[in-house]
Structure formats: C-alpha cells, structure tokens
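Here's the structure we're looking at; comments come further down.
Residue numbers (our numbering): 989 to 1303.
Structure below.
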C-alpha cells in the first residue's frame, strides 16, 4: 500500500488492513526517510512517524498471527565513529551521528521491538521476527525531491537540471571527503528474501537473541566527490563540480561489515555504474510522467504535476 492508501501511523487503519488481508509474512520496509537536509529540518517527524509505523505494524502482525516478519533498518543505527567496516556488534557502543539521530533511534527501536517479541512470544507463539540493516540504497522508484531526497537521487536531479540549463558548474553540499557505500535496490530485495528464507536454526546460529540483525552492504565504498563525478558522467553533464565545505558532511564513513551475510551465501551483484544508469533511466521516466500526466481531482479540471507531487511519499 502507498501512504495515500494506508497511513501506517494510524493504529486502527493498520489493524483493519491486517484483518482484511491476513498476510502470513511481512517485509517491513516502510519508513519516513530523507537526506541530511530532511533529517535536520524534520527531526520530530522522523522519530515520531517511524516509531509509530514500526510499533503499529509489528504489534498488528503479532496480534493477527503473522509468524514471519523482516524489519529493514538503516546503517545510521551505528555510532558516528564506529569501527570501519561497521560490524553488527557495534550497535549501541557509542554516540550517534547528530544529523540523523532521531531517525537512527527509531530504527534501533525497531530492531529491539523484533527482538523483544521474539524473546517473549517466540516459544509460545512460534514467531520469528528478523532484522536486516541496509546500507545506502538507490534505484528505480526512488524519491527525487529536490530537498528531501537521498544523495544519489538528489545528484541525479541536480546534474540533469544543470545539463538541461547549460549551467557551467554544480555545487555539492559538504567537502566531498566522506565515504559512503551504495547498494542497488534489487540487490536489497534479493537479500531480504534470502534472509527471510534462511532456516531458523541457521539464522539463530549466526545471530543472538539480543543482537539479531544482519548487515546488508555492497562491500566497498567511495567518497562523495567520487560519487558526484560518477553521477555527472552517467548524466552526461560537461560542467565543473564544486564543493561547499560550509555545509554539513554527516558521518565521515559508513561502510557496512557484511561478512555475516556473505558467509551465509549472499553477495551483491549490481555494480555502481550499472545501477546509476538504471536509476537515471528511472528519473527520466518520472520526469516525463511529471510533465505530461494530469491529475484529475473529481470534477475539477486536470492539474499538471511537479515531480515531487507525482512521486509516492517516502513513508
């Protein structure tokens, strides 16, 4: 369901959905998400909405007899200065990155919700709620909002608009020095199904009741400056790239340690260059929809859509 069809912060609506649909498995990917600007601007929204969404869905799943649930967290759950690559046992060992602390705390709460339900009801009700921690994701279906999107969709839009306008240069927030890891969305979907389908004995062997999440990463990272040049090449932007060091960088590095998942037999497949090309094709398609597709509002005249109005909300 999209946000317009089902508001997951509404407990009654969530319960009604579970009552009607009677799912046997739940992949909990819904979240209120965004980049540094959005996290800094809407901290109350990020912690409140994510806490409510998670609590409502996980409790409703339990109440309606769902025994298998997979919760998707985020790499920001780890401390700002966590060891690199970041292992699962780095959780709750240090201070979080301030720019996205509210979101990170909500995601940590989601992990602990799953673990707590397992500990209290696993034996008596046979529930098996698991958690995976994705690194930075990108690809088709992303949110390309000019202010509230993540770094890759934001850069795709920025360089595309600069190319169309013939702008001589593009300014990027921050110094360009922080390093980030990126995983194509189809790889994340495949990893989610892989982890969900692991036999319980195997999953339990590689986790513990109070440290049960599994990292999902690509395996290598690049600097934001390198990413900006890669996106520029993908778009075909011929101008210069500058970096505004007066703007926040965020955490210096966030490389996931995916040793546990790799040992279980899963590995990412889509390389960044290939993924960026597919993401840019999706952006161009969404631009066409935004420009050409009217939105009918009952008996009102059709209204043209801007891009951010035509995309589904992140939550």
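Here a beta-carbon is modelled for each residue, glycine too, at the ideal position from N, C-alpha and C.
message: Let me check understanding here. Comparing Cα to Cα, which of 1028, 1049, 1218 and 1138 lies closest to residue 1085?
response: If you number the chain shown from 1, residue 1085 lands on position 97. Of 1028, 1049, 1218 and 1138, the residue nearest in Cα terms is 1028.
query: Given residue 1002, which residues of its chain have a CB within under 8 angstroms of its CB, disregarding the five upstream and five downstream residues?
result: Within the chain shown, numbered from 1, the residue matching residue 1002 stands at position 14. 994, 996, 1044, 1045 and 1048.
message: One question on the structure: do residue 1230 and residue 1153 come within less than 8 angstroms of each other, judged by their Cβ atoms?
response: Within the chain shown, residue 1230 is the residue found at index 242, counting from 1. Within the chain shown, residue 1153 is the residue found at index 165, counting from 1. Not in contact: residue 1230 and residue 1153 (Cβ atoms no closer than 8 angstroms).
message: So, does the segment 1166 to 1174 touch the segment 1006 to 1022, judging by three or more C-beta pairs under 8 angstroms?
response: no
- prompt: Which one of 1051, 1026 and 1213 has the shortest CA to CA distance from residue 1305?
  reply: In the structure displayed, the chain extends from 989 to 1303; residue 1305 sits before or after that span and is not available.
- prompt: Looking at C-alpha atoms only, which residue of 1228, 1104, 1137 and 1204 is the closest neighbour of residue 1196?
  reply: Within the chain shown, numbered from 1, the residue matching residue 1196 stands at position 208. Among 1228, 1104, 1137 and 1204, the Cα nearest to that of residue 1196 belongs to 1104.
- request: Using a threshold of 8 angstroms, state whether the C-beta atoms of residue 978 and residue 1074 are closer than that.
  value: Since the displayed the chain opens at 989 and closes at 1303, residue 978 lies outside it and no answer follows.
query: Is the segment 1056 to 1063 close to the segment 1112 to 1126, with three or more CB pairs under 8 angstroms?
result: Segments in contact, yes.
- request: Just tell me which of 1213, 1225, 1190 and 1126 has its CA closest to the CA of residue 1148.
  value: Along the chain shown, read from residue 1 onward, the residue named residue 1148 stands at position 160. Nearest in C-alpha terms to residue 1148, of all of 1213, 1225, 1190 and 1126, is 1225.
query: Cα-Cα, which of 1164, 1025, 1250 and 1018 is closest to residue 1040?
result: The residue you call residue 1040 lines up with position 52 of the chain shown. For the residues 1164, 1025, 1250 and 1018, the minimum Cα distance to residue 1040 belongs to 1018.
query: What alpha helix (DSSP H) runs, 4 residues minimum, are completely inside the segment 1038 to 1094?
result: none
C-beta contact flag for residue 1020 and residue 1037 at 8 angstroms: Here the question's residue 1020 lines up with position 32 in the chain shown. Here the question's residue 1037 lines up with position 49 in the chain shown. Going by C-beta atoms, residue 1020 is nearer than 8 angstroms to residue 1037.
Residue 1067 vs residue 1166 beta-carbon contact at 8 angstroms: For the purposes of this step, residue 1067 is taken as residue 79 along the chain shown, with counting starting at 1. For the purposes of this step, residue 1166 is taken as residue 178 along the chain shown, with counting starting at 1. Contact: no.
- prompt: When the distance is taken between beta carbons, is residue 1090 closer than 8 angstroms to residue 1034?
  reply: In the chain shown, residue 1034 corresponds to position 46, counting from 1. In the chain shown, residue 1090 corresponds to position 102, counting from 1. In this structure, residue 1090 lies closer than 8 angstroms to residue 1034 by Cβ.
query: According to DSSP, which residues form a beta bridge with residue 1118?
result: The residue given as residue 1118 occupies position 130 in the chain shown. DSSP, once it has assigned bridges, lists 1058 as partnering residue 1118.
query: If we ignore side chains and look at the alpha-carbon of each, how far apart do residue 1095 and residue 1065 end up?
result: As a position in the chain shown, residue 1095 is number 107, starting the count at 1. As a position in the chain shown, residue 1065 is number 77, starting the count at 1. Each residue's alpha carbon lies about 7 angstroms from the other.
message: What does the alpha-carbon distance come out to for the pair residue 1200 and residue 1214?
response: Your numbering for residue 1200 matches position 212 in the chain shown. Your numbering for residue 1214 matches position 226 in the chain shown. Rounded to the nearest angstrom, the two C-alpha atoms are 34 angstroms apart.
query: To which residues of the same chain is residue 1188 closer than 6 angstroms at the C-beta, ignoring the five residues directly before and after it?
result: Looking up residue 1188 in the chain shown gives position 200. Same-chain partners within the cutoff: 1116.
message: Just to confirm, is the Cβ distance from residue 1146 to residue 1202 under 8 angstroms?
response: Residue 1146 sits at position 158 when you count from the first residue of the chain shown. Residue 1202 sits at position 214 when you count from the first residue of the chain shown. Cβ distance not < 8 angstroms, so residue 1146 and residue 1202 don't count as in contact.
message: Here's a check: name, in chain order, each residue in its chain whose Cβ is nearer than 7 angstroms to the Cβ of residue 1176, leaving out the five neighbours to either side.
response: If you number the chain shown from 1, residue 1176 lands on position 188. Once the five neighbours on either side are set aside, the close Cβ partners of residue 1176 are 1122, 1125 and 1204.
message: Am I right that residue 1373 and residue 1263 are in contact with their C-beta atoms under 8 angstroms? What's the rounded C-beta distance?
response: In the structure displayed, the chain extends from 989 to 1303; residue 1373 sits before or after that span and is not available.
For residue 1233, the three-state DSSP class (helix, strand or coil): Taking the first residue of the chain shown as position 1, residue 1233 is located at position 245. Note: residue 1233 maps to coil in three-state DSSP.
field: alpha helix (DSSP H) segments (min. 4 residues) lying fully within the segment 1241 to 1281
entry: 1247 to 1252 and 1260 to 1280
message: Could you tell me which whole beta strand (DSSP E) segments of length 3 or greater appear in the segment 1119 to 1143?
response: 1124 to 1126
- prompt: residue 1093 to residue 1193, Cα distance in whole Å?
  reply: The residue given as residue 1093 occupies position 105 in the chain shown. The residue given as residue 1193 occupies position 205 in the chain shown. If you draw a straight line from the Cα of residue 1093 to the Cα of residue 1193, it is about 27 angstroms long.
field: Range covered by the alpha helix (DSSP H) that runs through residue 1027
entry: For this step, residue 1027 is matched to residue 39 along the chain shown. Per DSSP, residue 1027 belongs to the alpha helix (DSSP H) from 1024 to 1029.
- prompt: For the beta strand (DSSP E) that residue 1203 lies in, which residues bound it at each end?
  reply: Along the chain shown, read from residue 1 onward, the residue named residue 1203 stands at position 215. Where residue 1203 is concerned, the enclosing beta strand (DSSP E) stretches over 1201 to 1204.
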